[in-house]
Amino acid sequence: MITKWACLALALVLVTCGVVRGEDEPVAPLTTSSLIGEWEGEWLSPRGYVFQTTLQLEVEEDGTTSGTFHWTLTASPAGPLQSKVGQRGIEYAKGKFHPKTRTLELAGYEKEDPEEILGLDKYRLVVSDDAQVLGGITWNHGTWRGLLSLKRLDPDAPPPDPANWAGGAVGTGRAPWEKLIEEKGNFSISMPGPPSKQEDDVETRVGVIHAVFYVASIDDGKVEYAAAFSDYPKNFIATADVSKVLQGVRDGSLKTHAGVLTSETKLKLENRYPGLEVTFKGFLDGNRKKPMKGHVRIYLVNTRLYQLIVLSETNGNEVANEDIGRFLYSFERLNK
324 MITKWACLAL
334 ALVLVTCGVV
344 RGEDEPVAPL
354 TTSSLIGEWE
364 GEWLSPRGYV
374 FQTTLQLEVE
384 EDGTTSGTFH
394 WTLTASPAGP
404 LQSKVGQRGI
414 EYAKGKFHPK
424 TRTLELAGYE
434 KEDPEEILGL
444 DKYRLVVSDD
454 AQVLGGITWN
464 HGTWRGLLSL
474 KRLDPDAPPP
484 DPANWAGGAV
494 GTGRAPWEKL
504 IEEKGNFSIS
514 MPGPPSKQED
524 DVETRVGVIH
534 AVFYVASIDD
544 GKVEYAAAFS
554 DYPKNFIATA
564 DVSKVLQGVR
574 DGSLKTHAGV
584 LTSETKLKLE
594 NRYPGLEVTF
604 KGFLDGNRKK
614 PMKGHVRIYL
624 VNTRLYQLIV
634 LSETNGNEVA
644 NEDIGRFLYS
654 FERLNK
């Protein structure tokens, strides 16, 4: 691990100092748009922590930059985080890109971290001449000793090998994970196999609400993933207590499954929109013969309600935390 860390450190120093590029090679100028898009890579610390990440960057004309890191802890030395390998979290960062010097400065300011695996870091990064590689040092716990190496994510690359993910392993008979893009609902999300689309008109005290569900079932229906959206009337949201709206959705889920709440965490989507993450124990059937666990995220974006749901029977069909994280953290709005 230390060898890998040291080699990466050397490579980043060479890039930063301009040693990798020959002095006579032409260099294409970079613009503020050079960094826009999605990146993927790895963060290492000399203590032995390793995180995989994807980073979505948005850059304004004046260089003002915002970024969203989706982190996955993949290795940890002995200690409290060792049992949390495979857990995920989100870090929101902002800063400035300087095209002339090819440098990017970022600072984390907010996180969605229910498993408490993340800190809020600072980043000093350098972009390669062709804007395909981004890397540098990071600050955490008082020192600039973390190393981050990223490459631009190829939009035409094939999806990850399902053998690398529990719940999509080769030979299990399960379909590979697929990215669902729902333009009307303005979101994308990864699901284990092609989901079925379901629509329903729900009678509520504020009128009929049209709900759209995408459901992917595995293990003969014993595990279900669902992504849903619906729109409340504007006049209702204008006067409603948002926290009570979210709590009402939570309570509806518990009632449907005769559930008992086991955890609840307040969330913010894009550091703006309120949300809740809840886990509970209940039943898949009305006869209470199929005990299950539920993991639900609820977001309210203006008048639109999003629900991300994982339900699994507890008779040997528990979903791996890695799969739950992959599903929940892949959710993104298309137009923000």
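Note that the sequence shown ends on residue 659 in my numbering; no numbers are left out. Glycine is no exception: its CB is placed at the ideal position from the N, C-alpha and C atoms. The structure presented is a predicted model; accordingly, all values stated were derived computationally and were not measured.
query	result
With Leu590 and Glu600 assumed to form a contact (beta carbons below 8 Å), what rounded beta-carbon distance in angstroms separates them?	5 Å
Measuring CA to CA, which of Lys445, Ile512, Ala454 is closest to Arg468?	Lys445
Per DSSP, what kind of secondary structure is Ala581 in: helix, strand or coil?	coil
In whole angstroms, what is the alpha-carbon distance linking Gly431 and Asn463?	10 Å
Give me the residue from Thr585, Arg370, His393 with the minimum Cα distance to Gly364.	His393
For Leu441 versus Glu414, is the C-beta distance shorter than 8 Å?	yes
Which ranges would you report for the alpha helix (DSSP H) in the region 394–431 if only whole runs of at least 4 residues count?	none
Which whole-angstrom value describes the C-beta separation of Thr461 and Trp366, a residue pair presumed to lie in contact below a C-beta threshold of 8 Å?	7 Å
Are Glu438 and Gln410 closer than 8 Å when you measure CB to CB?	yes
Give every residue of the same chain whose Cβ lies closer than 6 Å to the Cβ of Lys557, excluding the five residues on either side of it in the sequence, and list them in chain order.	Thr626
If you measure between the beta carbons of Val633 and Tyr537, is that distance less than 8 Å?	no
Can you check whether the CB of Asp524 is closer than 8 Å to the CB of Val535?	no
Is it buried or exposed for Glu435, if we count other Cβ within 10 angstroms and need 16 for buried?	buried
Mapping the DSSP letters down to three states, classify Ile560 as helix, strand or coil.	helix
Would you mind stating whether Lys419 and Glu428 have Cβ atoms separated by less than 8 Å?	yes
Rank Phe374, Lys502, Ser553 by C-alpha distance to the C-alpha of Leu628 and give the top, closest one.	Ser553
How should Ser472 be labelled, buried or exposed, when 16 other C-beta atoms within 10 angstroms of its C-beta is the threshold for buried?	buried
Between Glu361, Thr602, Tyr555, Ala561, which has its C-alpha nearest Asp574's C-alpha?	Thr602
Run through DSSP, which three-state label would Phe654 get?	coil
Contact between the region 401–408 and the region 495–514 is defined here as three or more beta-carbon pairs at a separation below 8 Å; is this criterion met?	no
For Lys502, which residues from the same chain have a beta carbon less than 7 Å from its beta carbon, with the 5 sequence-adjacent residues on both sides left out?	Ser511, Ser513
Who does Arg620 pair with in a DSSP beta bridge?	Glu600, Leu631
Consult DSSP for Leu470 and reduce its assignment to one of helix, strand or coil.	strand
Measuring straight from C-alpha to C-alpha, what distance separates Leu584 and Gly571?	13 Å
By the DSSP assignment, the beta strand (DSSP E) with Gly465 in it spans what residues?	Neither: Gly465 is in no beta strand (DSSP E) and is coded neither H nor E.
Using only the alpha-carbon positions, how far apart do Ser519 and Leu443 sit?	38 Å
Going by beta carbon distance, what residues of the same chain come within less than 7 Å of Leu581, once the five residues before and after it are set aside?	According to the sequence displayed, residue 581 carries Ala and not Leu. Excluding sequence neighbours, Ala581 sits near Gly605, Phe606, Arg611.
Can you tell me whether Val529 is helix, strand or coil according to DSSP?	coil
Distance check for Arg370 and Ile504, CA to CA, integer angstroms please.	39 Å
Please classify Ala486 as buried or exposed, where buried requires at least 16 other C-beta atoms within 10 Å of its C-beta.	Summary for Ala486: the model assigns pLDDT 38, below 50, so the residue's position carries little reliability; its value from the coordinates is reported in the next sentence. Exposed: under 16 other Cβ atoms inside 10 Å.
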